[in-house]
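Residue numbers (full-length UniProt numbering), protein chains in the order written: chain A, 1 to 348; chain B, 1 to 353. Just below is one structure, and these are the notes that go with it.
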Amino acid sequence: MVEGTSTLERRRTLSEHPTAILFGLTGLLVVLIAVAASTGAYPISFGEMLAAIWRWLTGQDPIGTTDTVLFEIRLPRVFAGVLAGAALAAAGAAYQGLFRNPLVSPDILGVSSGAGLGAVIGIFFSLPIWAIQFSAFAMGLATVGVVYLIASMVRGREPILVLVLAGVVVGSLTGAAISLLKILADPYDQLPAIVFWLLGSLSSIRNADVINAAPLVLIALIPLILLRWRINVLSLGDEEAKALGVDSSKLRLVVIFAATLMTASVVAISGVIGWVGLVIPHLARMLVGPNFERLLPASMLMGGGYLLLVDTVARSLTVTEIPLGILTAIIGAPFFLWLLARGRDGWS
Amino acid sequence: MSIYRQLKVCFLALAWLSGSSALARELVDSGGRPINVPEQITKVFAAGPPASILLYVLAPEKMTGWPNPLRPAEAPYVAEPFRDLPALGRLTGRGGTANLEVVLRVKPDLILDFGSVRDTYISLANAVQSQTGIPYALIDGRFAATPASLRLLGKILAVEERAETLASYVEKTFNEIDSVIASILESDRPRVYLARGPDGLETGVKGSINTEIIERAGGRNVADAPGQRGIVRASIEQVIVANPDTIITWDPIFYENVYKDPLWSGIEAVERRRVYLSPVAPFGWIDRPPSINRVIGLKWLAGLFYPDKLGGDLNAMTREFYKLFYHVDLSDAELETLIEWSKGQAPSNAGAR
Chain A
1 MVEGTSTLER RRTLSEHPTA ILFGLTGLLV VLIAVAASTG AYPISFGEML AAIWRWLTGQ
61 DPIGTTDTVL FEIRLPRVFA GVLAGAALAA AGAAYQGLFR NPLVSPDILG VSSGAGLGAV
121 IGIFFSLPIW AIQFSAFAMG LATVGVVYLI ASMVRGREPI LVLVLAGVVV GSLTGAAISL
181 LKILADPYDQ LPAIVFWLLG SLSSIRNADV INAAPLVLIA LIPLILLRWR INVLSLGDEE
241 AKALGVDSSK LRLVVIFAAT LMTASVVAIS GVIGWVGLVI PHLARMLVGP NFERLLPASM
301 LMGGGYLLLV DTVARSLTVT EIPLGILTAI IGAPFFLWLL ARGRDGWS
Chain B
1 MSIYRQLKVC FLALAWLSGS SALARELVDS GGRPINVPEQ ITKVFAAGPP ASILLYVLAP
61 EKMTGWPNPL RPAEAPYVAE PFRDLPALGR LTGRGGTANL EVVLRVKPDL ILDFGSVRDT
121 YISLANAVQS QTGIPYALID GRFAATPASL RLLGKILAVE ERAETLASYV EKTFNEIDSV
181 IASILESDRP RVYLARGPDG LETGVKGSIN TEIIERAGGR NVADAPGQRG IVRASIEQVI
241 VANPDTIITW DPIFYENVYK DPLWSGIEAV ERRRVYLSPV APFGWIDRPP SINRVIGLKW
301 LAGLFYPDKL GGDLNAMTRE FYKLFYHVDL SDAELETLIE WSKGQAPSNA GAR
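What follows is the structure, given as structure tokens:
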């Protein structure tokens with residue numbers, strides 16, 4: 001009893017200081033970035049890292065492998081981890097508000113399975129890496145487009161239910177197409193590549209990937225920031241939203257587009273990474289409450305930090321890489337069950 | 001007795017009656033399983049790509065089909081009548097695509113599998129054998145066992161003479177290489193990285209079937225992760241730390257990019273221009289699949305690792321191997337294509353299906 005009360009009180013005090021929490025999360029992320037940047041197979045001490053960054057800042061010529069590893073390999077990967085985690089968590093938070101359902105993840109409308117199919121097609125036809133990434137990005141967007149189109153053609157039913165069902169159906173269709181290509185693919189070189197892609201990994205990230213994906217994520221973020229208040233209204237339900245003068249179907253389209261663009265951009269460079277977009281918004285909601293204005297930045301900070309942490313483990317725990325999808329599931333699934341068992345999820 | 005058991009008994013009796021015209025012989029396969037095979041085996045179903053190559057080199061006239069359709073770049077390197085055999089699918093391994101009814105329709109005298117003889121495959125062999133009534137021979141696919149495996153299958157198929165020719169060729173190759181590398185210290189052997197996939201960041205861990213050719217040719221696999229097996233992902237940072245002096249690959253996209261890519265430029269193998277592209281026609285030289293096709297790759301790699309002691313005439317070697325194992329007289333143009341390929345010039349249709 002006593003413990004219960006103290007938890008409640010602590011939560012109240014936490015939710016009452018959202019700004020402090022956001023500052024704390026930012027600080028934590030910065031620390032994580034510093035730790036991740038100085039961790040890795042190639043030995044770079046913290047001092048060497050600072051010296052290399054100083055050389056870069058002052059425009060001196062990079063010297064040796066340390067600078068290459070730091071600026072061409074490790075930092076791009078660190079930023080890609082933060083970017084992917086933040087984007088997935090933001091998309092998850094937006095979708096969970098949109099669908100008024102805490103069990104929703106960014107792939108509910110098929111963006112991940114669509115991107116997966118795009119990448120598998122690229123691998124199947126032995127395309128170069130940039131083409132595989134583009135194919136994944138385009139198919140991710142196209143799949144959600146198809147889902148939205150199907151849903152908008154069905155009239156007279158609860159629109160959200162139709163959207164989710166269309167997403168499930170199209171998602172399993174793309175899943176079937178992926179399986180078909182796996183069967184047809186060359187078992188000696190294409191099949192392993194497909195499997196690794198579908199498990200997600202940041203091991204081949206380079207600067208160009210981050211430079212390509214980051215602007216798209218930022219562009220997708222703008223409508224979510226501008227519409228933060230309306231998204232709050234949307235989570236009250238269509239009737240209430242209408243009463244408050246919000247056109248819920250138009251708003252829904254914008255949010256779906258933004259969240260899809262965000263997810264597709266990062267999934268194209270990272271492969272399919274599950275659980276981040278599902279679990280992190282929950283955790284963020286526990287800390288800062290359901291108000292999207294605070295939930296969005298908190299989700300992004302936590303998602304970025306979480307995926308960065310997981311990726312750092314993935315590349316330093318063993319001599320070879322551990323696919324991210326495996327780690328996020330191993331950590332995410334029990335955590336999610338714990339959340340479910342706890343009952344309260346901060347929606348109230 | 002259930003109806004299925006009765007049917008099975010009837011079926012087995014029928015199978016026995018139809019097979020009894022030829023005298024049955026009792027043999028033991030590499031999995032230690034006794035198999036009853038007819039005196040004359042005329043049709044064999046290969047369960048997967050490694051088995052189909054073993055069968056093709058040993059007794060192509062007994063083939064019933066290929067597991068996958070041959071690609072355009074591969075077909076010219078398979079002898080004329082056999083390149084047109086149908087694609088019947090795979091019976092084992094990841095994604096079995098062969099239908100047991102298809103297997104029964106082609107009425108093979110034997111189902112052949114070449115590869116791991118672990119319990120999974122032994123039980124699969126037993127299951128398929130009792131389900132179809134067709135004897136199922138499991139042959140050890142480890143590279144070192146190649147001569148013995150050739151001889152065993154030669155005995156099963158009653159083509160002992162040809163099996164002996166091929167087995168002694170492989171033995172001679174193994175012995176030649178072993179006698180040279182025996183005198184070379186472990187620390188003086190090349191440090192080799194197998195780059196797979198278009199980004200080159202998939203590799204095979206030391207000790208897995210995909211990379212055993214590296215040690216066989218006297219190299220050291222830099223991807224040494226005790227306790228791990230098979231294909232894994234590596235990061236470029238790990239490759240930089242491992243700093244291999246030799247990189248082997250069969251991915252033309254990776255090969256094309258590796259010398260241009262600044263991230264790979266500091267790696268010793270790239271600096272010394274020791275990245276080698278393996279031809280994959282009709283089958284891969286170093287893997288893909290792990291079967292008899294690796295013998296030519298072994299000679300090639302050993303020559304690259306130890307040019308002074310093992311670097312023979314690649315043209316003559318290739319011509320001889322393709323004649324002896326693949327039943328094809330290479331035209332000058334075809335030979336040139338392969339040699340240029342092994343020097344990094346893959347034909348434009350190499351990746352096409």
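We put the CB at the ideal spot given by N, CA and C, even for glycine. Quantities reported herein were computed from a predicted structural model and do not represent experimental measurements.
{"Item": "Partner residues on chain B for Pro128 (chain A), Cβ-Cβ distance less than 7 Å", "Value": "Pro198, Ile253"}
{"Item": "Residue range of the beta strand (DSSP E) that includes Asp140 (chain B)", "Value": "136-140"}
{"Item": "Beta-carbon spacing of Leu83 (chain A), Ala214 (chain A) below 8 Å", "Value": "yes"}
{"Item": "Proximity to Pro307 (chain B) [Cα-Cα], best of B:Arg274, B:Leu263, B:Ser265", "Value": "B:Arg274"}
{"Item": "Stretch pair the stretch 279-287 of chain A + the stretch 168-183 of chain A: three plus CB contacts closer than 8 Å", "Value": "no"}
{"Item": "Rounded distance between the beta-carbons of Gln228 (chain B) and Val205 (chain B), thought under 8 Å", "Value": "5 Å"}
{"Item": "With 16 other Cβ atoms within 10 Å as the buried cut-off, status of Ile211 (chain A)", "Value": "exposed"}
{"Item": "Residues that DSSP places opposite Thr203 (chain B) in a beta bridge", "Value": "B:Val232"}
{"Item": "Extent of the continuous beta strand (DSSP E) to which Leu278 (chain A) belongs", "Value": "Not the beta strand (DSSP E): Leu278 (chain A) falls in the alpha helix (DSSP H), residues 276-288."}
{"Item": "Proximity test, Cβ basis, 8 Å: Ala52 (chain A) and chain B", "Value": "no"}
{"Item": "Close Cβ partners of Lys323 (chain B) (< 8 Å) along its chain, the five nearest in sequence each way excluded", "Value": "Asp329, Leu330"}
{"Item": "Neighbourhood of Ala258 (chain A) by C-beta, 6 Å cutoff - its chain only, sequence neighbours within 5 removed", "Value": "Ala220, Pro223, Leu224"}
{"Item": "Neighbour list for Ile240 (chain B) in chain C, Cβ cutoff strictly below 9 Å", "Value": "The chain inventory of the structure shown lacks chain C, comprising the protein chains A and B."}
{"Item": "Proximity of Leu110 (chain B) and Ile139 (chain B) at Cβ, strictly below 8 Å", "Value": "no"}
{"Item": "Buried versus exposed call for Ile63 (chain A) [16 or more other C-beta atoms within 10 Å across all chains shown]", "Value": "exposed"}
{"Item": "Backbone secondary structure at Pro226 (chain B) - three-state DSSP", "Value": "coil"}
{"Item": "Contacting positions in the stretch 181-213 of chain A - beta carbon closer than 8 Å to chain B", "Value": "Lys182, Ile183, Asp186, Pro187, Tyr188, Asp189, Leu191, Pro192, Ala193, Phe196, Ser201, Ser203, Ser204, Arg206"}
{"Item": "CA nearest to the CA of Phe254 (chain B), picked from A:Pro128, A:Phe71, A:Gly27", "Value": "A:Pro128"}
{"Item": "Where the stretch 221-251 of chain B meets chain A: residues whose CB sits under 8 Å from a CB there", "Value": "Ala223, Asp224, Ala225, Gln228, Ile231, Val232, Arg233, Ala234, Ser235, Ile236, Glu237, Gln238, Ile240, Val241, Trp250, Asp251"}
{"Item": "Near-chain B residues of the stretch 314-335 of chain A - C-beta to any C-beta below 8 Å", "Value": "Arg315, Thr318, Val319, Thr320, Glu321, Pro323"}
{"Item": "Three-way DSSP call (helix, strand, coil) for Tyr306 (chain B) in this model", "Value": "coil"}
{"Item": "Three CB pairs or more closer than 8 Å across the stretch 332-339 of chain A and the stretch 112-120 of chain A", "Value": "no"}
{"Item": "Local Cβ density within 10 Å of Gln40 (chain B), reported as buried at 16 or more and exposed below that", "Value": "exposed"}
{"Item": "Own chain residues within Cβ distance below 6 Å of Ala225 (chain B), not counting five before or after", "Value": "Val205"}
{"Item": "Neighbour-count burial assignment, Gly93 (chain B), 16 or more Cβ in a 10 Å radius", "Value": "Residue confidence for Gly93 (chain B) is low, a pLDDT of 46 falling below 50, so the modelled location carries little weight and cannot support an answer."}
{"Item": "8 Å Cβ cutoff, Gly95 (chain B) in contact with chain A", "Value": "In this prediction, Gly95 (chain B) scores a pLDDT of 46, lower than 50, which makes its location untrustworthy; the coordinate-derived value is nonetheless stated afterwards. Yes, its Cβ sits closer than 8 Å to a Cβ of chain A."}
{"Item": "Beta-carbon proximity list for Ala46 (chain B), same chain, < 6 Å, skipping 5 on both sides", "Value": "Ser52, Leu55, Leu112"}
{"Item": "Per DSSP, the bridge partner or partners of Pro34 (chain B)", "Value": "B:Val28"}
{"Item": "8 Å Cβ cutoff, Asp287 (chain B) in contact with chain A", "Value": "yes"}
{"Item": "Supposed contact pair Met262 (chain A) and Ala90 (chain A) - C-beta distance, whole angstroms, cut 8 Å", "Value": "6 Å"}
{"Item": "Close Cβ partners of Arg230 (chain A) (< 7 Å) along its chain, the five nearest in sequence each way excluded", "Value": "Val246, Leu251"}
{"Item": "Reference Gln133 (chain A); option with closest CA among A:Gly97, A:Ser204, A:Ile21", "Value": "A:Ser204"}
{"Item": "DSSP three-state assignment for Thr19 (chain A), whether helix, strand or coil", "Value": "helix"}
{"Item": "Identity of the residues DSSP links to Val44 (chain B) by a beta bridge", "Value": "B:Met63, B:Leu110"}
{"Item": "Secondary structure of Thr318 (chain B), DSSP reduced to three states", "Value": "helix"}
{"Item": "Per DSSP, the bridge partner or partners of Ala195 (chain B)", "Value": "B:Thr249"}
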